[in-house]
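Participant:
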Ligand SMILES: CC(C)(COP(=O)(O)OP(=O)(O)OC[C@H]1O[C@@H](n2cnc3c(N)ncnc32)[C@H](O)[C@@H]1OP(=O)(O)O)[C@@H](O)C(=O)NCCC(=O)NCCS
């Protein structure tokens with residue numbers, strides 16, 4: 041597959057806005073159908089040195105995105121929150137795996153982060169399968185944490201640890 045993994049650019053805002061509003065993404069993330077291009081541009085512009093965001097580009101179009109965001113507290117700088125998505129029609133084709141490999145190489149070998157954490161809805165088998173295959177473990181459940189299709193749904197908290205040898 042002719043897939044390019046590269047840092048996000050402001051010019052990707054249109055593709056990312058379109059992707060975030062897709063069915064098959066919205067129901068599994070915090071995205072909303074009303075997100076404007078200006079919102080997405082601001083989202084990208086606001087990324088700073090603690091935000092590491094990669095996109096997957098295929099035939100000139102962004103088809104996936106992954107980001108790790110370092111926590112701000114001086115005593116939690118070894119921790120990052122992870123978010124990711126792949127365009128609905130490209131899911132299940134190994135793009136998520138490729139994005140995860142790239143971001144974990146950065147996290148493990150270039151930032152040497154100890155903890156990467158994320159939240160995922162309980163019914164998101166594909167995401168949970170991907171996370172487990174990269175060593176993420178379920179740490180607990182946030183009850184009624186997210187609105188999803190007219191209901192309050194639970195979120196699983198997952199994390200992966202890479203402690204320096206002790
Ligand atoms: C979750 C998501 C990012 C995964 O990306 P993807 O490109 O679809 O996943 P991949 O094709 O790379 O699959 C990678 C791994 O996921 C797991 N996986 C894939 N499909 C699965 C399924 N139906 N059930 C369980 N595990 C599955 C497997 O471990 C697979 O590895 P393998 O092919 O070596 O077995 C993508 O499906 C997506 O964007 N979903 C909607 C938004 C979302 O859920 N974002 C995450 C919110 S926490």
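Numbering (our numbering), first residue to last: 41 to 206. All residues carry an ideal CB built from backbone N, CA and C; glycine is no exception.
Apply the 10 Å Cβ neighbour rule to residue 192 and answer buried if 16 or more other Cβ atoms are within range, or exposed otherwise.
Facilitator: Reading the chain shown from its first residue, position 152 is the one you call residue 192. Classification for residue 192: exposed.
Participant: Write down every uninterrupted run of the beta strand (DSSP E) in the region 107-154 whose length is 3 residues or greater and which is fully enclosed by it, in chain order.
Facilitator: With a minimum length of 3 residues, the continuous beta strand (DSSP E) runs that stay inside the region 107-154 are 119-126.
Participant: Alpha helix (DSSP H) containing residue 81: first to last residue?
Facilitator: Position 41 of the chain shown holds residue 81. 77-85 is the span of the alpha helix (DSSP H), which, as asked, contains residue 81.
Participant: Within the present structure, is the beta-carbon of residue 197 separated from the nearest heavy atom of ligand 1 by less than 7 Å?
Facilitator: Position 157 of the chain shown holds residue 197. It does not: the Cβ of residue 197 is nowhere closer than 7 Å to a heavy atom of ligand 1.
Participant: Consider the C-beta atom of residue 102 and the heavy atoms of ligand 1; say whether any pair is separated by less than 7 Å.
Facilitator: Here residue 102 refers to the residue found at position 62 when the chain shown is read from its first residue. No, since every heavy atom of ligand 1 falls outside the 7 Å radius drawn around the Cβ of residue 102.
Participant: Would the C-beta of residue 126 count as close to ligand 1, meaning under 7 Å from any of its heavy atoms?
Facilitator: Within the chain shown, numbered from 1, the residue matching residue 126 stands at position 86. Checking every heavy atom of ligand 1 against the Cβ of residue 126, one is found closer than 7 Å.
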